[in-house]
Amino acid sequence: MIINNLNELLIPDADRKSQPLDNFNTQSDTTSVYFRDLEKHLVNHIKSADIVLGAVAWLTSYSVLDALAQDDKEVVFVIQKEDFLRPDIGAKNDFKETLRKKHNKLKNSLTRYDFEGTILPNMSYAGDPSIDPVTCVGNINNAKAAAFPRMHNKFIIFAKKDIDYDVPDDPESGSRMKISPYAVWTGSFNITKNAGMSFENALYITDMTIVNAYYQEFSQITALSESLNWFKDWVEPQWRIGT
């Protein structure tokens, strides 16, 4: 029998009916671990956040993209440059067009200056401070090498919009908006439909030491990113430290 969703496999039993897989999703004070229904849990976490930041190899799950596009959510994702339009499982002929449309529905009004405490405010500070909702980083494997370096991360940061009361309520003083990260999602789970049918795992972590480490790493990867409409096969950051 062919079963496409590995999570629906049964464990053979010699003495009785084959057994379904147990669900060992569990949580502690600062960490939740997921082995089943990962996409559903990720979507729920996205719905609770004001700001969602991610460094993920692929972003092709329609369910996740639809959740990211809801309300006035601020979204900034960096994805792997090489093959972000690689068809997902069950993709139709219009997959690339549909994916582009879903990317275009994502919104972000955050600027590099809003990422206080990271490297981003120092990048091309005399230039346009805006950040596209989806950018990319990496190289193109034109030689079709069997092994090739990639931006292969799979982490997503959830944050709230807060008011920074240390900044005067004066338009000339800059934004009073403050990004307050509170959790990170990480693990083996690619943000694809195929991953939802695979054996995967994810951790949802609220320990602020860990969350802040991921926030800083996200900022560094974003500093190296470039437009999805890239022009060069090799990494070509759109900004630099300084002017």
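Under UniProt numbering, the first residue of the sequence shown is numbered 1, with each subsequent residue one higher.
The C-beta atom is built at its ideal place from N, Cα and C for all residues, glycine as well.
Evaluate residue i with the Cβ neighbour count: other Cβ atoms within 10 Å of its Cβ, from every protein chain shown; 16 or more gives buried, anything less gives exposed.
{"i": "Gly242", "result": "exposed"}
{"i": "Glu8", "result": "exposed"}
{"i": "Gln80", "result": "buried"}
{"i": "Tyr62", "result": "exposed"}
{"i": "Ile11", "result": "exposed"}
{"i": "Ile163", "result": "exposed"}
{"i": "Phe115", "result": "buried"}
{"i": "Phe148", "result": "exposed"}
{"i": "Thr135", "result": "buried"}
{"i": "Thr209", "result": "exposed"}
{"i": "Ala49", "result": "buried"}
{"i": "Ala159", "result": "buried"}
Smallest Cα separation from residue i: which of the options?
{"i": "Asn190", "options": "Phe158, His152, Thr111", "result": "His152"}
{"i": "Pro133", "options": "Ala147, Leu42, Ala55, Lys154", "result": "Ala55"}
{"i": "Gly138", "options": "Lys17, Ala183, Glu236, Arg16", "result": "Glu236"}
{"i": "Asn212", "options": "Val184, Lys47, Ser32", "result": "Val184"}
{"i": "Glu97", "options": "Thr60, Ala146, Gln220", "result": "Thr60"}
From residue i to residue j, what does the alpha carbon distance come to, in whole angstroms?
{"i": "Tyr34", "j": "Thr26", "result": "7 Å"}
{"i": "Leu224", "j": "Lys107", "result": "20 Å"}
{"i": "Asn104", "j": "Asn4", "result": "30 Å"}
{"i": "Glu200", "j": "Gly187", "result": "8 Å"}
{"i": "Pro181", "j": "Asp128", "result": "24 Å"}
{"i": "Ile119", "j": "Lys178", "result": "16 Å"}
{"i": "Ile131", "j": "Asn194", "result": "29 Å"}
{"i": "Lys17", "j": "Asp66", "result": "39 Å"}
{"i": "Trp58", "j": "Val64", "result": "12 Å"}
{"i": "Ser28", "j": "Lys102", "result": "35 Å"}
{"i": "Glu226", "j": "His45", "result": "27 Å"}
{"i": "Ser173", "j": "Leu110", "result": "Because the pLDDT at Ser173 is just 49, under 50, the model does not fix this residue reliably, and the point stays unresolved."}
Between which residues of its own chain and residue i is the CB-CB distance below 6 Å, once the five residues before and five after are set aside?
{"i": "Gly196", "result": "Glu39"}
{"i": "Asp13", "result": "Gln19"}
{"i": "Ala126", "result": "Thr243"}
{"i": "Arg100", "result": "none"}
{"i": "residue 255", "result": "Since the displayed the chain opens at 1 and closes at 243, residue 255 lies outside it and no answer follows."}
{"i": "His41", "result": "Tyr34"}
Which same chain residues end up closer than 7 Å to residue i when comparing Cβ atoms and leaving out the 5 residues on each side of it in sequence?
{"i": "Met123", "result": "Arg112, Ala223, Trp239, Arg240, Ile241"}
{"i": "residue 250", "result": "Shown here, the chain extends from 1 to 243; a query on residue 250 therefore has no answer."}
{"i": "Thr30", "result": "Ile205, Thr206, Asp207"}
{"i": "residue 247", "result": "Missing from the structure shown is residue 247; the chain here goes from 1 to 243 and no further."}
{"i": "Val75", "result": "Val52, Leu68, Leu106, Lys107, Asn108, Pro133"}
Under a three-way DSSP split, which group does residue i fall into?
{"i": "Tyr34", "result": "strand"}
{"i": "Asp114", "result": "helix"}
{"i": "Met208", "result": "helix"}
{"i": "Ala145", "result": "coil"}
{"i": "Gln216", "result": "helix"}
{"i": "Thr192", "result": "coil"}
{"i": "Met151", "result": "coil"}
{"i": "Ala223", "result": "helix"}
{"i": "Tyr62", "result": "helix"}
Check whether chain D comes within 8 Å of residue i, counting only Cβ atoms and requiring the distance to be less than that.
{"i": "Asn44", "result": "This model lacks chain D altogether, as it is built from one protein chain only."}
Residues in the same chain with beta-carbon distance under 8 Å from residue i, minus the five sequence neighbours each way, listed in chain order, please.
{"i": "Arg150", "result": "Ala57, Gln80, Glu82, Gly138"}
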